[in-house]
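Each remark here refers to the structure printed beneath this line.
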Amino acid sequence: MLQVAVLGAAHPHIGEALEEIAWRDDVALVAASEPDAAMRERFLGGVSAPVYASHAELLERHQIDVAVVSGIYAQRSEAVLTALAAGAHVFADKPLCTTLEQLDEITKAFADSDRRLGLMFTKRFSAATVAAKRLVDEGVLGELALIATTGPHKLTQANRPAWFFDSALYGGAAGDLPVHDVDLALFFTGATSGTVSAATGNVRSADHPDFDDHVALLLRAGSAIATIEANWLSPEAAELHGHYRMRLSGSEGTAEIDWGYETLTVATHDRPTWTEPLQAPLRPMQFFFDAIIAGTEPAVTTEESLLATRVALLAQQSAESGGVPLAW
Numbered sequence: 001m002l003q004v005a006v007l008g009a010a011h012p013h014i015g016e017a018l019e020e021i022a023w024r025d026d027v028a029l030v031a032a033s034e035p036d037a038a039m040r041e042r043f044l045g046g047v048s049a050p051v052y053a054s055h056a057e058l059l060e061r062h063q064i065d066v067a068v069v070s071g072i073y074a075q076r077s078e079a080v081l082t083a084l085a086a087g088a089h090v091f092a093d094k095p096l097c098t099t100l101e102q103l104d105e106i107t108k109a110f111a112d113s114d115r116r117l118g119l120m121f122t123k124r125f126s127a128a129t130v131a132a133k134r135l136v137d138e139g140v141l142g143e144l145a146l147i148a149t150t151g152p153h154k155l156t157q158a159n160r161p162a163w164f165f166d167s168a169l170y171g172g173a174a175g176d177l178p179v180h181d182v183d184l185a186l187f188f189t190g191a192t193s194g195t196v197s198a199a200t201g202n203v204r205s206a207d208h209p210d211f212d213d214h215v216a217l218l219l220r221a222g223s224a225i226a227t228i229e230a231n232w233l234s235p236e237a238a239e240l241h242g243h244y245r246m247r248l249s250g251s252e253g254t255a256e257i258d259w260g261y262e263t264l265t266v267a268t269h270d271r272p273t274w275t276e277p278l279q280a281p282l283r284p285m286q287f288f289f290d291a292i293i294a295g296t297e298p299a300v301t302t303e304e305s306l307l308a309t310r311v312a313l314l315a316q317q318s319a320e321s322g323g324v325p326l327a328w
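Following UniProt numbering, the numbering of the sequence shown begins with 1 at its first residue and continues without gaps.
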């Protein structure tokens, strides 16, 4: 039985991880911790396992195999390193951390360890993404040239805690929202080097002038180019929290992923537009626990988790430096 603890619960994504743990009979939640009392009650109030205000106290009292980290963004690095020092694998919500200095420390710690790191890149496991990756790998689209993504989110400001609008705790939009699609750009292209530049702005949050409510990235991923935009501007009355989409353009065809409605639309030079049949979706939090139990590398590997985070944080640095391209 895999012994799991939550170290930090400051975002609703923790609920998806708790659902996966509850669903399984080979994983047990043995404890949870969150320093902030309000968030502890909001996100861990229904947990039957012991709940602590201190990560250190939890780790003193419990021997764990996996730590699930989903605290305040700027505090995640400390939780990750503390868990790793205790011998645990780490399954973290994105963003993994908020600065390149934190990331360097995490990278070194995992390089010196045999533990695994996985990020909750849930888009990887949608049925449309899985089908699109198969088409890319089969050469249906030819050589990938362009990737264009859009990631609108509802801000629902009244429901956001104060830390969300504090850059010292939140970091920046470029390091947060686009990282899913950065990961997918690397996933589809297999790129291991390139450049990234970014720009951010604020048009709807005048009461929080330091908060970026939109961001756009220009990412060179090997020979392909990705344009990635994400924002907190999705209309509050819209049907979806975020109508996330991606268009893949290759030498032989195009594929359009619509995650909002879970569809994949494809066209090639020798076949008119069609809707690709999809398999049943995978549970998005399943992969990490499966891998740890099997003793294998997770589908989102340690290296992939670190690289996508690095590219996103370099994008944040670029945005803060006037959009200068930075190599990764």
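Just so it is clear, CB atoms sit at the ideal spot from N, CA and C, and this is done for glycine as well.
- Cβ neighbours of Gln279 within its own chain (closer than 6 Å, five residues either side excluded): Ala127.
- For Ala173, same chain residues with a beta-carbon under 6 Å away, outside a window of 5 residues either side, are Thr200, Asp212, Val215 in chain order.
- Listed as beta-bridge partners of Asp270 by DSSP are no residues whatsoever.
- For Val27, there is no enclosing alpha helix (DSSP H); the enclosing beta strand (DSSP E) has its first and last residue at 27–33.
- Selection Glu19, Ile72, Glu57 evaluated against Val47 yields Glu19 as nearest (Cα-Cα).
- Straight through space, the alpha carbons of Gly171 and Phe164 are spaced by roughly 9 Å.
- When secondary structure is reduced to three states using DSSP, Gly175 falls in the helix class.
- For the pair Ala185 and Glu34, the Cα-to-Cα distance works out to about 33 Å.
- Using a C-beta cut-off of 8 Å, the segment 229–237 makes no contact with the segment 96–104, since fewer than three inter-stretch Cβ pairs fall below that distance.
- Note that the C-beta distance between Ala32 and Leu44 is below 8 Å.
- Shown here for Glu276: same chain residues with a beta carbon closer than 6 Å to its own, the five before and five after excluded, namely Ala131, Leu264, Val266 in chain order.
- Each of Leu282, His243, Ala158 was checked against the Cα of His208, and the nearest Cα belongs to Ala158.
- Secondary-structure assignment with DSSP links Gln3 through a beta bridge to Ala28.
- Here DSSP, grouped into helix, strand and coil, assigns Glu229 to strand.
- In the three-state reduction of the DSSP assignment, Asp183 falls in the helix class, which pools H, G and I.
- Secondary structure of Met246 (DSSP, three-state): strand.
- When beta bridges are read from the DSSP output, Arg220 appears opposite Thr195, Ile225.
- Exclusion of the five residues before and after Pro325 leaves Thr195, Ser197 as the residues of its chain whose Cβ lies within less than 6 Å of its Cβ.
- Under the three-state reduction of DSSP output, Phe121 falls in the coil class, being neither helix nor strand.
- Approximately 5 Å separates the beta-carbon atoms of Asp176 and Pro95; this is inside 8 Å, confirming the contact.
- Per DSSP, reduced to three states, the secondary structure at Thr150 is strand.
- One alpha carbon belongs to Thr192, the other to Thr149, and they sit about 20 Å apart.
- Closest in C-alpha terms to Arg283, from the list Leu306, Ala299, Ala168, comes Ala299.
- Residue environment: Tyr261 is assigned as exposed (fewer than 16 neighbouring CB atoms within 10 Å of its CB, all protein chains considered).
- Per the C-alpha coordinates, the member of Asp137, Gln75, Asn202, Phe288 positioned closest to Thr98 is Gln75.
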